[in-house]
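Undergrad:
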Amino acid sequence: MYMLNDEFNRVAGSRRIVLFDYDSTIAKVPVDWPQARVAYRTYLADCFPELVIAETARVDEMEAIALRHAPDAKDRVFHFRSELESALDGAHEALPEVCVFIQHLAEQGDCRLFVISNNLHPTVVSGLKQLGLSGAFEAILGVDDVGLPKPETRAFSMLTKTYGLSAEECLFIGDNDRTDGGFCRALGIPFLNIQKQ
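Numbering follows numbering that gives the first Met the number 0, with no gaps: position 152 of the sequence shown is 151.
1) Any idea what DSSP makes of asparagine 175, helix, strand or coil?
2) So arginine 199 is in the alpha helix (DSSP H); what residue range does that whole segment cover?
3) Find out if the Cβ-Cβ distance for the pair leucine 164, isoleucine 25 is shorter than 7 Å.
4) Are the CB atoms of isoleucine 101 and leucine 66 within a distance shorter than 7 Å?
5) Any idea what DSSP makes of methionine 0, helix, strand or coil?
6) How many angstroms separate the CA atom of glutamate 106 from the CA atom of phenylalanine 136?
7) Please tell me whether histidine 68 and leucine 50 are closer than 7 Å, where the distance is taken between their beta carbons.
8) For threonine 152, which residues in the same chain have their Cβ closer than 8 Å to its Cβ, ignoring the five residues on either side in sequence?
9) Using 8 Å for Cβ pairs, my map puts glutamate 6 next to leucine 191. What's the rounded Cβ distance?
10) From this set, Met157, Ser13, Glu96 and Pro150, which residue's C-alpha is nearest aspartate 176's C-alpha?
11) Taking only the alpha-carbon atoms, compute the straight-line gap between tyrosine 1 and valine 30 and give it to the nearest angstrom.
12) Hey, how far is the Cα of isoleucine 64 from the Cα of tyrosine 21?
13) DSSP puts glutamate 92 in a beta bridge; with which residues?
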């Protein structure tokens, strides 16, 4: 915890709103993503035969393409992820340093904590409950709540509207430079990448 705490203190300054990613930041969601990518591409081709999806596209990128193509088909787009993630209930592996850090921030009480995840809301809620962190966060936004995955910034707009957040008050803790880092760069929010600790 000392490295994360030290880095947080160095980067945060007076920022007291901390946004967290979930998968590979707070816990590992044990999914074989390369296999899921192939299966999801097939699933989307069946749902939307007119879509062109690159072989290298990740699941969240495919979701974004499908949702831009058919914004009203959210249930169909997220059905695959729902089946995939619901099978993992109770199998989330805590990332101990981050979990202890979250407990520390929650106990101190001088930071507001939120989750913005490309996982589904029920997956994050279930995982946080399993990890004993369900009461630590003011709000949780899953990709199904938002409608588009990070690096799209819609989730932040939703939090701003509902909770009065501003980018100047926030720091984001995540693990993925493409999704989390891209989200932060678009909003001007400092990004603490736990993979670079």
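C-beta atoms are modelled at their ideal positions from N, C-alpha and C, and glycine is treated no differently.
TA: Reading from the atomic positions:
1) Coil at asparagine 175, not helix or strand.
2) Here the chain has residues from 0 to 196 only, and residue 199 is not among them.
3) Not in contact: leucine 164 and isoleucine 25 (Cβ atoms no closer than 7 Å).
4) Isoleucine 101 sits away from leucine 66, with the two beta carbons spaced by 7 Å or more.
5) Reliability fails at methionine 0, whose pLDDT of 44 lies under 50, so the model's placement of it is uncertain and the value that follows must be treated cautiously. It is coil, neither helix nor strand.
6) Rounded to whole angstroms, glutamate 106 to phenylalanine 136 spans 12 Å at the Cα level.
7) Here histidine 68 is near leucine 50, since their CB atoms are less than 7 Å apart.
8) Cβ contact annotation for threonine 152 (same chain, cutoff 8 Å, sequence separation greater than five): Phe182, Ala185 and Leu186, in chain order.
9) The pair is a contact, with the Cβ atoms about 6 Å apart (cut-off 8 Å).
10) The shortest Cα separation from aspartate 176 among Met157, Ser13, Glu96 and Pro150 belongs to Pro150.
11) Unreliable placement is indicated for tyrosine 1, whose pLDDT of 48 sits below 50; the coordinate value is still reported in the next sentence. CA-to-CA, the gap between tyrosine 1 and valine 30 works out to about 29 Å.
12) Using only the alpha carbons, I get a separation of about 22 Å.
13) Residue pairing of glutamate 92 in beta bridges, as defined by DSSP: Lys27.
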